[in-house]
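Note sheet for the following structure.
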Amino acid sequence: LTVVIVGMGFGKEFIPIYQSHPHIKAVGICTRNRQTLDELAARFNLDPNLCFEHFEDVPGRADVDAIHVVTPVPEHARMTLASLNAGKHTACTIPMAMTVADCEAIVEARRRSGKVYMMM
322 LTVVIVGMGF GKEFIPIYQS HPHIKAVGIC TRNRQTLDEL AARFNLDPNL
372 CFEHFEDVPG RADVDAIHVV TPVPEHARMT LASLNAGKHT ACTIPMAMTV
422 ADCEAIVEAR RRSGKVYMMM
């Protein structure tokens, strides 16, 4: 699988974990901070084609199988829904969302997509 981790605060801790997993083909990252993006891409020898400054560029990528959302809480539902609705396996740090309606929407999107969702 190719996974993109979104959010490079705590999210950067997952880069070497995914890189060492036997079922991971490639790891990408997404952060709004260009300097952080460049530094982490160099440090972890990441494919530049899998390094993104804008989340909106990630879900539509055919070469991305999974998205791991590690962003501030208010972004969790929006990004999780975009990922599942694009047919990507999705992991998200806690909490799942900030409203019951968003939680229900995530459950339904997971059902429709048939993909794996994991609240971490």
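Going by the working numbering, the final residue of the sequence shown carries number 441, and the count climbs one at a time with no gaps. All C-beta atoms, glycine included, are put in the ideal place defined by N, C-alpha and C.
Notebook entry, point to check: According to DSSP, is residue 410 helix, strand or coil?
Noted result: Correct three-state label for residue 410: strand.
Next item on the list: Assess, as a yes-or-no matter, whether the segment 353–363 is touched by the segment 377–394 under the definition of 3 or more beta carbon pairs within less than 8 Å.
Entry: No, the segment 377–394 is not in contact with the segment 353–363.
Note to self: Just to confirm the assignment, what range does the alpha helix (DSSP H) spanning residue 428 have?
What the structure shows: Its alpha helix (DSSP H) spans residues 421–434.
Item checked: Assigned exposure category for residue 331 - 16 Cβ within 10 Å defines buried -> exposed
Item checked: Endpoints, the alpha helix (DSSP H) within which residue 357 is located -> 355–364
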